[in-house]
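> Dumping the structure here so I can ask a few things about it.
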Amino acid sequence: MGNIFITGVSGGLGKAMAEYFIRAGGAVFGVSRSAPKDLLQFENFSFRSLDLGNHESIPPCLDALFTDNQFDLFMLNAGTIGQYGDLADISLQEAKHVEDVNVWSNKVILDYCLQKKMSVRQVVAISSGASVSDARGWSAYGVSKAALNMLIRMYAAEIPETHFCSLAPGIVDTSMQEYLYSLGKDDKYQTLGVLQSAKESGKMPSAEAAAENIINALPKIRETIKSGGYADIRKL
Ligand SMILES: NC(=O)c1ccc[n+]([C@@H]2O[C@H](COP(=O)([O-])OP(=O)(O)OC[C@H]3O[C@@H](n4cnc5c(N)ncnc54)[C@H](OP(=O)(O)O)[C@@H]3O)[C@@H](O)[C@H]2O)c1
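Counted from 1, the sequence shown has number 248 at position 146 by the working numbering; the numbering is strictly sequential.
The following block contains the structure:
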């Protein structure tokens with residue numbers, strides 16, 4: 103197993119994927135604002151603190167982080183949900199911030215790779231079922247994940263030597279779901295009821311189980327999904 107870069111390694115799915123790859127012997131490079139303290143002890147894990155909403159800080163951070171320019175995998179996982187609810191109720195500033203983190207940070211990262219002539223075999227951008235859902239409430243998050251899907255399609259056309267995919271991970275028991283759970287039920291937003299039932303009935307996989315599922319699916323993604331395509335792990 104070679105070099106793997108993961109964004110959003112401080113918790114949830116990103117941390118679980120980082121730990122899986124570290125234990126499997128990969129050289130894992132990770133970023134997030136806060137550090138995954140229990141992973142810092144591993145010699146094959148390199149970490150830099152980075153706010154992906156601050157785009158100017160991304161290239162110098164990657165300069166300091168990367169010790170090689172050949173990668174097996176970029177897992178563009180970091181994401182923020184912003185405020186769940188009606189799009190009309192969130193400020194333009196907050197909507198733009200959600201897009202800055204969920205979409206445009208990935209442009210900066212991929213442009214960095216191009217400028218540095220890095221070789222990346224596979225890019226997986228963690229998308230969401232919200233990117234293709236018209237359910238009320240996904241708001242700026244849904245808009246950002248739909249834009250992420252198209253960003254990945256564009257780069258797939260521009261960089262044919264790398265396999266690109268936007269992947270919806272299904273519902274995963276992380277702090278993002280805790281936030282949605284904390285909102286309670288609301289007749290306006292049917293999704294909240296569905297997610298709450300999944301959490302209460304134990305049908306929401308842990309981050310560790312979801313990470314393993316995604317990692318096991320990586321070869322199948324390369325073999326069956328056209329580069330740039332969107333896939334849902336539940337349908338693979
Ligand atoms: N959980 C689900 O059910 C679900 C479903 C569909 C899609 N997803 C997607 O899966 C991915 C992982 O989500 P999760 O559920 O694991 O969420 P999570 O537990 O909230 O973790 C999000 C990760 O992203 C990082 N992050 C957020 N804002 C950042 C910023 N400005 N700069 C750098 N890193 C930032 C966080 O680190 P810091 O806060 O330390 O910066 C954290 O490591 C996201 O893209 C999410 O949209 C999740």
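For glycine and all other residues, C-beta sits at the position ideal for the given N, C-alpha and C.
The structure presented is a predicted model; accordingly, all values stated were derived computationally and were not measured.
Are the Cβ atoms of Gly184 and Ala232 separated by less than 8 Å?
Contact flag unset, no.
> Run the proximity test for Gln279: is its beta-carbon closer than 7 Å to any non-hydrogen atom belonging to ligand 1?
True, at least one ligand heavy atom lies under 7 Å from that Cβ.
> Assuming Leu269 is part of the beta strand (DSSP E), what are its boundary residues?
That run of the beta strand (DSSP E) goes His265 to Ala270.
> Does any heavy atom of ligand 1 sit closer than 7 Å to the C-beta of Val274?
At least one heavy atom of ligand 1 is nearer than 7 Å to the Cβ of Val274, so yes.
> Taking Arg324 as part of the alpha helix (DSSP H), name the residues at either end of that continuous run.
Counting along the chain, the alpha helix (DSSP H) containing Arg324 begins and ends at Ala309 to Thr326.
> Looking only at its chain, what residues have a beta carbon closer than 7 Å to the beta carbon of Val200, apart from the 5 residues adjacent to it on each side?
Same-chain partners within the cutoff: Thr182, Gly184, Ala242, Tyr243 and Ser246.
> Could you pull the start and end residues of the alpha helix (DSSP H) that Arg238 belongs to?
Looking at the DSSP string, Arg238 is not in any alpha helix (DSSP H), and its letter there is neither H nor E.
> Which residue marks the beginning of the beta strand (DSSP E) containing Met177, and which one marks its end?
From DSSP, the beta strand (DSSP E) with Met177 extends over Gln172 to Leu178.
> Looking at Ile335 and ligand 1, is the gap between the Cβ and the nearest heavy atom below 7 Å?
No, ligand 1 has no heavy atom inside 7 Å of this Cβ.
> To the nearest angstrom, report how far apart Lys219 and Ser136 are at their CA atoms.
In a straight line, the C-alpha of Lys219 is about 29 Å away from that of Ser136.
> Could you spell out where the alpha helix (DSSP H) holding Gln279 opens and where it closes?
Segment Ser277 to Ser284, the alpha helix (DSSP H) holding Gln279.
> Would the region 210-227 and the region 274-281 be scored as touching if the rule is three or more Cβ pairs under 8 Å?
In short, these stretches do not touch, since the Cβ pair count stays below three.
> Compute the Euclidean distance between the alpha carbons of Leu194 and Ile228, then round it to the nearest angstrom.
So the two alpha carbons sit approximately 24 Å from each other.
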